[in-house]
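Protein chains: 2
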Amino acid sequence: MGLTKTEAFTDQQNDLANLAKAMAHPARIAILEHLIKVNACVCGDLVDELPLAQATVSQHLRELKAAGLIKGNIEGTSVCYCIDTDRWRTIRERFLSLFDRCCGPDSSCC
Amino acid sequence: MGLTKTEAFTDQQNDLANLAKAMAHPARIAILEHLIKVNACVCGDLVDELPLAQATVSQHLRELKAAGLIKGNIEGTSVCYCIDTDRWRTIRERFLSLFDRCCGPDSSCC
DNA sequence: TTGTTTCATTGCAATATTACGATGAATGAC
DNA sequence: GTCATTCATCGTAATATTGCAATGAAACAA
Chain C
9 MGLTKTEAFT DQQNDLANLA KAMAHPARIA ILEHLIKVNA CVCGDLVDEL
59 PLAQATVSQH LRELKAAGLI KGNIEGTSVC YCIDTDRWRT IRERFLSLFD
109 RCCGPDSSCC
Chain L
9 MGLTKTEAFT DQQNDLANLA KAMAHPARIA ILEHLIKVNA CVCGDLVDEL
59 PLAQATVSQH LRELKAAGLI KGNIEGTSVC YCIDTDRWRT IRERFLSLFD
109 RCCGPDSSCC
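If you want it as C-alpha cells, here you go:
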C-alpha cells in the first residue's frame, strides 16, 4: 500500500519517525553537513556542492525545512539557508531521549 | 525515478542516512521503544503490541535487523528480539557526531 | 522595457516503501 | 505420524520517494 498507518501510533512516535525520515537521504545529510561546516547562511552554492540537479536540491531543501531542521530566508534575488539552531537542539534531545533510554554497560540482552 | 544516487555520496553519508531510514517509521520506533522498555529479549508478543499484521511486523523487524539496531535469535519455536547494545552505542555516536558539530550557544546563523 | 539570475513548482517516469493475505519452513506437543 | 504454533517469505496492490527537464515567479541590471 505504501501508506503508513500514522493514526495507529502516538504523536511522539510519528514525530521522531518524521525527523528520521528527513535525515534518511544522503543528499540531505550532505546538505546539513555543509551548512554546519560553513556555520552561516549559504546562498546559492548548495547546488554546486551536490551532484544533483537544481530542482532536486530544491526539493530536498524543502523537506529539511518542513521538518524544521533548517531555515531559509530570502535575500534579494537569492535565498539563504542555515541550520535552525533552536530546533536543532530540540531535535538532538528527541533522538538522545531514545538512545539514552537503553543500553548502559549493565544491560544484558540475549 | 525513486532511485537514490548513493554512489554520488560518501560512505559515511550513506551509512547515516540508512540508519535514519531504519528509524523513519513509527512502527519501528514503537518496536525499539518496546524492546527498550522490557530491557530483554522479546519472543512473540511484538505482534500483539502493534496495530499491524504479523507479516508487516516481521518485515519491519527485518529492516531493523538489517540496519543493525536489533538482534534476533531463534529460541525453539519462537524468535527472540532485542536491542543490539554494542551497535546501539555506536549508532548513538554516529548521530551525536552530526548533532554536536553544530549550534553551540554562540552560533549565529541568519 | 528586455534580459539575466536565482530559486520554486509542476509534471512525469522509474523505483521504493508499506501493508496484508496466503503460503512455507521449522519446532514442539501429542 | 498429525496437528498447532510461530515466524519468514512471496506475491500483490496502493501509495511514496527520487530525480530531472521544463516552466514560473521574483528581483536586479542595463
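Chains as they are written, first to last, in this note's numbering: chain C, 9 to 118; chain L, 9 to 118. Glycine included, every Cβ here is placed at the ideal spot set by N, Cα and C. Bear in mind the structure is a predicted one, so any value in this text is a computation, not a measurement.
- Query: What's the gap between the Cα of L:Ile-36 and the Cα of L:Gly-52?
  - Reply: The question names Ile, but residue 36 of chain L is Arg in the sequence shown. Approximately 16 Å between the Cα atoms of the pair.
- Task: Starting from the Cα of C:Leu-106, find the closest Cα among C:Leu-27, C:Lys-13, C:Glu-15, C:Thr-85 and give me that residue.
- Result: Of the listed residues, the one whose Cα sits closest to C:Leu-106 is C:Leu-27.
- Item | Beta-carbon gap between L:His-68 and L:His-42 smaller than 8 Å | No, the Cβ-Cβ distance between L:His-68 and L:His-42 is not below 8 Å.
- Message: With the cut-off set at 8 Å, would you say L:Leu-77 and L:Asp-92 are in Cβ contact?
- Response: The answer is yes: Cβ separation under 8 Å.
- Task: Determine the DSSP secondary structure at C:Asn-22, reduced to helix, strand or coil.
- Result: In the three-state reduction of the DSSP assignment, C:Asn-22 falls in the helix class.
- Message: As a quick exercise: from L:Asn-47, L:Ile-82, L:Pro-59, pick the residue whose alpha carbon is nearest that of C:Glu-15.
- Response: Closest in C-alpha terms to C:Glu-15, from the list L:Asn-47, L:Ile-82, L:Pro-59, comes L:Pro-59.
- Task: Give the C-beta separation of C:Ala-30 and L:Gln-21 to the nearest angstrom, bearing in mind that I take them to be a contact with Cβ-Cβ under 8 Å.
- Result: 14 Å between Cβ atoms; not a contact.
- Among C:Ala-61, C:Cys-110, C:Val-46, which residue has its Cα nearest to the Cα of L:Arg-95? Of the candidates C:Ala-61, C:Cys-110, C:Val-46, the one whose C-alpha sits nearest the C-alpha of L:Arg-95 is C:Cys-110.
- Message: Distance check for L:Ala-63 and L:Val-50, CA to CA, integer angstroms please.
- Response: Straight through space, the alpha carbons of L:Ala-63 and L:Val-50 are spaced by roughly 17 Å.
- Query: Given a threshold of 16 other Cβ atoms within 10 Å of its Cβ, counted over all protein chains shown, does C:Lys-79 qualify as buried or as exposed?
  - Reply: Per the 10 Å Cβ criterion, buried.
- Query: Per DSSP, what kind of secondary structure is C:Lys-79 in: helix, strand or coil?
  - Reply: Here DSSP, grouped into helix, strand and coil, assigns C:Lys-79 to strand.
- Query: Of all Cβ atoms in chain L, is any one closer than 8 Å to the Cβ of C:Thr-85?
  - Reply: Judged by the 8 Å Cβ criterion, C:Thr-85 is not in contact with chain L.
- Item | Contact set for L:Thr-12: own chain, Cβ-Cβ below 6 Å, skip 5 residues either direction | Contacts found: none.
- Hey, quick one: how far does the beta strand (DSSP E) through L:Cys-90 stretch, first residue to last? Going by DSSP, L:Cys-90 is part of the beta strand (DSSP E) stretching over 86-91.
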